[in-house]
Amino acid sequence: MSETPPRIAAIVLAAGSSSRTAPAHKLLAPDATGLPMIARTLRAVTASRADPVTVVLGHRAEEIRQAALSGVRTRRRIDFVTAQDYMTGLSCTLATGIQAVSTQQDVAGAVICLGDMPLIGAELIDQLITAFMAHPGRPGAMPVHEGRRGNPILWSRKLFPALLTLNGDQGARSLLRQHESTMLRIPAGPEITQDFDTTDRLAEFARLFTGS
């Protein structure tokens, strides 16, 4: 019997309190079609090759969960986990997601997707996965636009233990600086640096995706 081929998971970080857009929660904000931001993000992730897909919740968890599912166009399984200590920073939210996918031994890596980056498409996620699967010895893969790195970033399973030890609100920035020189670099567009975490940006998001 042949071995199960390795998979690359996707972890969607959606636990933050969205304090910069208060009282509005950015992940619940609708685009021009009425689709919440987190649903727009998750729609792209579930259209990619990434498997399994795990969403990490925290602040207003049930509302975010329901909003996330409102735009999914697939019957694929989506796992939701809650970061109990999400208020301590992004690194703890990330660790919760890594812990969840690391229990599956055929997962060779994970693409870390931010819930407030709905312009990231399934094609870019697939390009990261394809590049890494061709070079599994690398620490991961990252998108680059005009010399500037962005998100999402794919991390090899070999780095999961290090990701679990991070703390604070910097995510995996320190680990990325350590391994950046050997990460695979995938050419991408400006969307890799475009998030929506201010009231002005939410107003821009409200005008996007007309007719989609």
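Heads up: the sequence shown runs through residues 2 to 213, numbered per my numbering.
A virtual CB, placed ideally from N, CA and C, is assigned to each residue, including glycine.
What does the alpha-carbon distance come out to for the pair HIS60 and GLY17? Distance from the CA atom of HIS60 to the CA atom of GLY17, rounded to whole angstroms, is 6 Å.
Taking 7 Å as the cut-off, decide whether the C-beta atoms of VAL57 and THR97 are in contact. yes
Take ASN168 as the anchor and find which of GLY141, ARG150, ALA123, MET88 has the nearest alpha-carbon. For ASN168, the nearest C-alpha among the options comes from MET88.
Exposed or buried, which one is ARG208 when buried takes at least 16 other CB atoms within 10 Å? exposed
Helix, strand or coil: how does DSSP classify PRO191 here? helix
CA-to-CA distance, GLY148 to ALA69, given in whole angstroms: 32 Å
Which whole-angstrom value is the C-beta distance of LEU28 and ASP117, which I expect to be below 8 Å? 6 Å
By Cβ distance below 8 Å, which residues in the same chain neighbour ASP126 in space, the five residues on each side in sequence not counted? The displayed chain sequence assigns Ile, not Asp, to residue 126. Cβ within range, chain order: ALA11, ALA45, VAL46, SER49, ARG50, ALA51, VAL112, CYS114, PRO153.
Tell me the DSSP secondary structure of ALA15 in three-state form. strand
At a cut of 8 Å, does the region 68-84 reach the region 31-45 through at least three beta carbon pairs? yes
Nearest neighbour of PHE161, chosen from MET143, LEU95, GLN128, ASP201 [CA to CA]: Nearest C-alpha to PHE161: LEU95.
Span of the alpha helix (DSSP H) holding ASP127? It spans 123-135 - the alpha helix (DSSP H) in which ASP127 sits, taken as one unbroken run.
By the 10 Å Cβ neighbour count, where 16 or more other Cβ atoms means buried, how is ASP196 classified, buried or exposed? buried
Cβ neighbour criterion (16 or more within 10 Å) applied to ARG158: Around the beta carbon of ARG158, a 10 Å sphere encloses 16 or more other beta carbons of the protein chains shown; the residue is thus reported as buried.
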